[in-house]
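Inspection log for the structure reproduced underneath, given as structure tokens.
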Amino acid sequence: MKNFVFKVLVLFLSCWVALCKECTNSFPQLASHTFRYELLSSKNETWKKEVYSHYHLTPTDDSAWSNLLPRKMLSETDEFSWTMMYRKMKNPDGFKLAGDFLKEVSLHDVKLDPSSLHWRAQQTNLEYLLMLDVDSLVWSFRKTAGLPTAGKAYEGWEDPTCELRGHFVGHYLSASAHMWASTHNVTLKEKMTAVVSALSECQNKMGSGYLSAFPSEQFDRFEALKPVWAPYYTIHKILAGLLDQYTFADNTQALKMTKWMVEYFYNRVQNVITKYSVERHWNSLNEETGGMNDVLYRLYTITQDPNHLLLAHLFDKPCFLGLLAVQADDISGFHANTHIPVVIGSQMRYEVTGDPLYKVTGTFFMDIVNASHGYATGGTSAGEFWSDPKRLASTLGTENEESCTTYNMLKVSRHLFRWTKEMVYADYYERALTNGVLSIQRGTEPGVMIYMLPLGRGDSKAKSYHGWGTRFSSFWCCYGTGIESFSKLGDSIYFEEEGNVPGLYIIQYISSSLDWKSGNIVLNQKVDPVVSWDPYLRMTHTFSSKQVLSAFTPESILQYLVLDKYYLIVSDGLGKELGLLSLVESNLTTYEASQSSSLNLRIPLWTNSNGAKATLNGQSLSLPAPGNFISVTQRWSSTDKLTIQLPINLRTEAIKDDRPAYASIQAILYGPYLLAGHTSGDWDIKTGSAKSLSDWITPIPASYNGQLVTFAQESGDSAFVLSNSNQSITMEKFPESGTDAALHATFRLIMKEESSSEVSSLKDVIGKSVMLEPFDFPGMLVVQQGTDGELVVSDSPKEGDSSVFRLVAGLDGKDETISLEAVNQNGCFVYSGVNFNSGASLKLSCSTESSEDGFNEAVSFVMEKGISEYHPISFVAKGARRNFLLAALLSFRDETYTVYFNIQD
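For the sequence shown, the residue numbers in mature numbering (1 follows the signal peptide of the UniProt record, and there is no 0) are -20 to -1, 1 to 885.
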């Protein structure tokens, strides 16, 4: 027995070096979820056979694995003791546990403000979670357990034939637990509790502790190193979901189920190691296993069961963590979302054991991703994999930044910030959350999200390989992480620090309130909406004393002084006053309590000191340089008001590519917001003699939205709109908002002779001379080319008045219409044609006695409010051949855009 345990330890140490380059499948496409789903759902058996002929997790000879049969679990008498291994894990070399991490505040105590973008995203997600049907979610679990199946199974990656089925249900359990904590929505609580109960019935029916939507035969294949789609990945999601149900919703049944599942898999892994070797087990981890180590370390913090700690260690992937331990930037070629969760688990190992090696690996990993593999969004990966370091220019396209990777990188940075309080991690979190998470919902449509975030030239979220998903037939991995991300948007706004004077760290400026129990106050944070025309981030913090008695009960009061029949002062018996309490019918109901506490507010690296200011009750405070916290300590009261104003700067950021040919490829950011250009592929910008970004990037004024119009007309039974089609003006079908067609049908109405062009009614514009600027081509104008000449878009009209039109009452005589008359050709109007179809070109046509029937109708348009509007964060950038309308990436839906520009002097 001693020899065996020694062998286990030797193998554990040696695999850090020996197996480093065996950390991915020999046929690496099989690590891709996208490829795997296409392969397994294909009916082309010849193609499948060809693919699997290349599949070997290790160089092992076929005879060593192809004939392996499923094995029984070890009996109790067969078990061996891993006590030595446990002691090594528990406290290697006497490491001291770090005790100064910042603490998380409970999601139950954070409430997002309904005025915030984050609340709206959370609400959209809540609506989706409430749409999902319990019977459909658990259908495959019941089928696997041999129970009756009510309802209908979902499709996509939850289809009963998909090997990854059940993974989304695990995500649902986590997301609903977080959402319950965030909103206390009773209907959601009932749904998620029903899912847990249904899964418990399945687990009890199978009787072994096993719980999944697919049979355990998949683990026989996993252990035999045969092709199978990531069964432990799904098990991780289920375990994490159950654990979250216990942690956030106090569901003790879920914890019992978790422990029973872990007992089953502990025995299973132990069986493999006993029969073969621990090296064999490490080799099997070349299939994706999600964050098994992470959830098991988390479970250990609750149970203190040594088996849970050991099993967590056995899902640390030594060959990958070994690369990080020796600080090698050698992650290229690895499947990103297979390995980021392994790093998260190693971070939990550091928190549990105190082993500083795992602090080093987590820190180094974050460093190399940011320095060599990260995009301006904060995201990483191309086609699900990491490319060569500092070679990202070649990766730009539709398949960038798998949403799952951003979800997991946020976890990595969150751990690092809690350990170090370093601003770079808080800034990263803000950037990735703002651009990589808030960008993946399609507006306020519940259950419509993306898998990849395209970053190429003229790409669109709608036109990537997966495009937008659907509510009930997608259920990709990124749907799972998506519903989790939007359920816990309040979990990293605030962190607290214990001590005689409790401290609160405010690291995200999101309108919200915090019931801060340690500080005995309710903090209200109000953040003004960020806009381009007023380049400041402004926050106001107000306070209210706690009113609901939670800290004191009659039994816990040691000493009190009755002031009168309504009030008393509570003390600790040593002369320290704890608060003022009221008595109502002999029951303690409310209290006013306060104590000194410290607020630490983040001054991000993207701001500057010029124009920054902070005040407390109207008195100026000294602000530190960007990259630090401003700390204010006092006894807070309801009369206090703390305000901060931070300048938001425009800046460019070069892509992570050290090849000289790509030095000019840069992204444009406004504070933490990544700006994308409304363009189908143009990306050239020449700055010339500009000395600052403000010389060639200017904000869109707030008033411009009042100048946006759409011209509509009917033909047959269809509604059409005047549109900019590749710089020709045509009539097109009425478009859906959030599309390129909607942009092309929107124009800015520029009054020729007045400073203000805001359109409040038709009466304001009748008789006015105007110019039409296409929404997404700022600086260009609609131009007529003479009688019967087609209308085009140009930046340099050949004749001075060819871009000027007079708005007159519609020639069709209807009250709601107008006609566009050429200023330099009286009696000639913008003309669509009679009974036209989509794509018909508009021209200038003159009214004569011989004009065809329908002429008056063909030159009359309904002028409506523009279908599109400028996002509050919008700019115009001067380009080499055209100007670009820039907007925050998170505002795009189906429109084409360009994130990186070719910016040259």
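Heads up, the beta-carbon is just placed ideally off N, CA and C, and yes, glycines get one too. Owing to the predicted nature of the structure, the values given are computational and were not obtained by experimental measurement.
Between the region 435 to 450 and the region 869 to 880, are three or more C-beta pairs nearer than 8 Å?
Touching, yes.
Continuous alpha helix (DSSP H) assignments of at least 4 residues falling wholly in the region 327 to 399
Fully enclosed alpha helix (DSSP H) runs of 4 or longer: 336 to 348.
Which runs of the alpha helix (DSSP H) at least 4 residues long sit entirely within the region 93 to 168? Give them in chain order.
Counting only runs of 4 or more, we get 97 to 111, 114 to 117, 119 to 125, 147 to 163.
Counting C-beta neighbours from all protein chains within 10 Å, is the total for SER26 16 or more, i.e. buried, or is it exposed?
The count along the sequence shown starts at 1 and reaches residue 26 at position 46. The amino acid occupying residue 26 in the given sequence is Thr; Ser does not appear at that position. So THR26 ends up on the exposed side.
For VAL166, is the classification buried or exposed, using 16 other Cβ atoms within 10 angstroms of its Cβ as the cut-off for buried?
Taking the first residue of the sequence shown as position 1, residue 166 is located at position 186. The residue is exposed, with fewer than 16 neighbouring Cβ atoms inside 10 Å.
When the distance is taken between beta carbons, is HIS98 closer than 8 Å to ALA161?
The sequence position of residue 161 within the sequence shown is 181, counting from 1. The sequence position of residue 98 within the sequence shown is 118, counting from 1. Here ALA161 is not near HIS98, since their CB atoms are 8 Å or more apart.
What is the rounded straight-line gap between the Cα of ASP439 and the Cα of ARG398?
Position 459 of the sequence shown, counting from 1, holds the residue named residue 439. Position 418 of the sequence shown, counting from 1, holds the residue named residue 398. ASP439 and ARG398 have their C-alpha atoms spaced approximately 37 Å apart.
Counting C-beta neighbours from all protein chains within 10 Å, is the total for ASP795 16 or more, i.e. buried, or is it exposed?
Position 815 of the sequence shown, counting from 1, holds the residue named residue 795. With fewer than 16 other beta carbons inside 10 angstroms of its own, ASP795 counts as exposed.
Three or more C-beta pairs below 8 Å linking the region 281 to 292 and the region 241 to 249
With a cut-off of 8 Å on Cβ pairs, the region 281 to 292 is in contact with the region 241 to 249, counting three or more such pairs.
Report the rounded CA-to-CA distance for ASP833 versus TYR811, giving the unit in angstroms.
Residue mapping note: residue 833 aligns to position 853 of the sequence shown, counting from 1. Residue mapping note: residue 811 aligns to position 831 of the sequence shown, counting from 1. Using only the alpha carbons, I get a separation of about 13 Å.
Jot down the residue ranges of each uninterrupted beta strand (DSSP E) in the region 723 to 780, minimum 3 residues, whole runs only, in chain order.
Whole beta strand (DSSP E) segments, 3+ residues: 727 to 731, 749 to 754, 761 to 763, 772 to 774.
Do you know whose CA, among LEU179, TYR408, THR378, LEU742, lies nearest ALA193's CA?
Numbered from its first residue, the sequence shown carries residue 193 at position 213. If we check each option's Cα against that of ALA193, LEU179 comes out closest.
For LYS255, which option in GLU203, ASP139, GLU770 has the closest C-alpha, if you only look at C-alpha atoms?
Stepping through the sequence shown from its first residue, residue 255 is reached at position 275. Looking at the Cα atoms, GLU203 is the closest of the given residues.
Pairs of beta-carbons, one from the region 257 to 266 and one from the region 196 to 212, closer than 8 Å: are there three or more?
Touching, yes, given that three or more Cβ pairs across the two stretches are closer than 8 Å.
What does the alpha-carbon distance come out to for the pair GLY793 and ASN685?
On the sequence shown, position 813 is the one that residue 793 refers to. On the sequence shown, position 705 is the one that residue 685 refers to. Spanning the two alpha carbons is a distance of roughly 29 Å.
How is LEU603 classed by DSSP in three states: helix, strand or coil?
As a working mapping, residue 603 is identified with position 623 in the sequence shown. LEU603: coil per DSSP, three-state reduction.
Classification of PRO758 by the beta-carbon crowding that lies within 10 angstroms, buried from 16 upward
Locating residue 758 in the sequence shown gives position 778, where the first residue counts as 1. The residue is buried, with at least 16 neighbouring Cβ atoms inside 10 Å.
Terminal residues of the alpha helix (DSSP H) in which PRO715 lies
Counted from its first residue, the sequence shown places residue 715 at position 735. No alpha helix (DSSP H) contains PRO715, which DSSP labels as neither H nor E.
Where does GLN805 fall in DSSP's three states?
Translated into positions along the sequence shown, residue 805 becomes position 825. Residue state, collapsed to three classes: coil.
Identify the continuous alpha helix (DSSP H) that holds TRP240 and give its terminal residues.
Counting from one through the sequence shown, the residue named residue 240 turns up at place 260. From DSSP, the alpha helix (DSSP H) with TRP240 extends over 232 to 255.
Excluding sequence positions up to five away, which residues of its chain have a Cβ less than 6 Å from the Cβ of ASN863?
On the sequence shown, position 883 is the one that residue 863 refers to. Here ASN863 has PRO758, GLY759, VAL856 as same chain residues with Cβ atoms under 6 Å from its own Cβ, once five neighbours each way along the sequence are excluded.
Pick out whichever of GLY358, ASP407, ASP768, GLY790 has its Cα sitting closest to the Cα of GLY416.
Mapped onto the sequence shown, residue 416 falls at position 436. Nearest C-alpha to GLY416: GLY358.
For a quick check, are the C-beta atoms of residue 895 and SER326 less than 8 Å apart?
This structure does not reach residue 895, given that the chain is present from -20 up to 885, and the question cannot be answered.
Mind checking whether LEU581 and ILE486 have CB atoms under 8 Å apart?
Locating residue 581 in the sequence shown gives position 601, where the first residue counts as 1. Locating residue 486 in the sequence shown gives position 506, where the first residue counts as 1. LEU581 places its beta carbon less than 8 Å from that of ILE486.
Identity of the residues DSSP links to CYS826 by a beta bridge:
As a position in the sequence shown, residue 826 is number 846, starting the count at 1. DSSP lists CYS808 as partners of CYS826.
Under DSSP, the beta strand (DSSP E) around THR461 begins and ends at which residues?
For the purposes of this step, residue 461 is taken as residue 481 along the sequence shown, with counting starting at 1. Membership of THR461 in any beta strand (DSSP E) is not indicated; the residue belongs instead to the alpha helix (DSSP H) covering 457 to 465.
Between which two residues does the alpha helix (DSSP H) harbouring TRP262 extend?
Here residue 262 refers to the residue found at position 282 of the sequence shown. Taken as a continuous stretch (DSSP letters only), the alpha helix (DSSP H) holding TRP262 covers 258 to 264.
Our contact map puts MET159 next to LEU106 with C-beta atoms below 8 Å; I'd like the distance itself, whole angstroms only.
Locating residue 159 in the sequence shown gives position 179, where the first residue counts as 1. Locating residue 106 in the sequence shown gives position 126, where the first residue counts as 1. Right, their Cβ atoms sit about 6 Å apart.
Give the straight-line distance between the Cα atoms of CYS808 and LEU390, rounded to the nearest whole angstrom.
Numbered from its first residue, the sequence shown carries residue 808 at position 828. Numbered from its first residue, the sequence shown carries residue 390 at position 410. Cα to Cα, CYS808 sits roughly 60 Å from LEU390.
Touch test, the region 580 to 594 against the region 400 to 409, Cβ-Cβ under 8 Å, three pairs minimum:
Contact between the region 580 to 594 and the region 400 to 409 is present, because at least three Cβ pairs lie under 8 Å.
Go through its chain and collect everything with a Cβ distance to GLY427's Cβ below 7 Å, but skip five positions before and after it.
Taking the first residue of the sequence shown as 1, we reach residue 427 at position 447. Once the five neighbours on either side are set aside, the close Cβ partners of GLY427 are TYR108, MET111, ARG451.
In the DSSP assignment, what residue or residues form a beta bridge with VAL507?
The residue given as residue 507 occupies position 527 in the sequence shown. Secondary-structure assignment with DSSP links VAL507 through a beta bridge to MET519.
I'd like to know whether the C-beta atoms of VAL323 and VAL392 end up nearer to each other than 8 Å.
As a position in the sequence shown, residue 323 is number 343, starting the count at 1. As a position in the sequence shown, residue 392 is number 412, starting the count at 1. Their beta carbons are under 8 Å apart, which means VAL323 touches VAL392 by this criterion.
What do you reckon, are the CB atoms on LEU626 and LEU596 nearer than 8 Å?
Position 646 of the sequence shown, counted from the first residue, corresponds to residue 626. Position 616 of the sequence shown, counted from the first residue, corresponds to residue 596. Taking 8 Å as the Cβ cut-off, LEU626 and LEU596 do not qualify as a contacting pair.
Please report the residue range of the beta strand (DSSP E) in which GLN225 lies.
Locating residue 225 in the sequence shown gives position 245, where the first residue counts as 1. Taken as a continuous stretch (DSSP letters only), GLN225 belongs to no beta strand (DSSP E), being part of the alpha helix (DSSP H) at 211 to 229.
Check the DSSP bridge columns for LYS91 and list the partner residues they point to.
On the sequence shown, residue 91 is found 111 positions in, with the first residue counted as 1. DSSP lists SER493 as the beta-bridge partner residues of LYS91.
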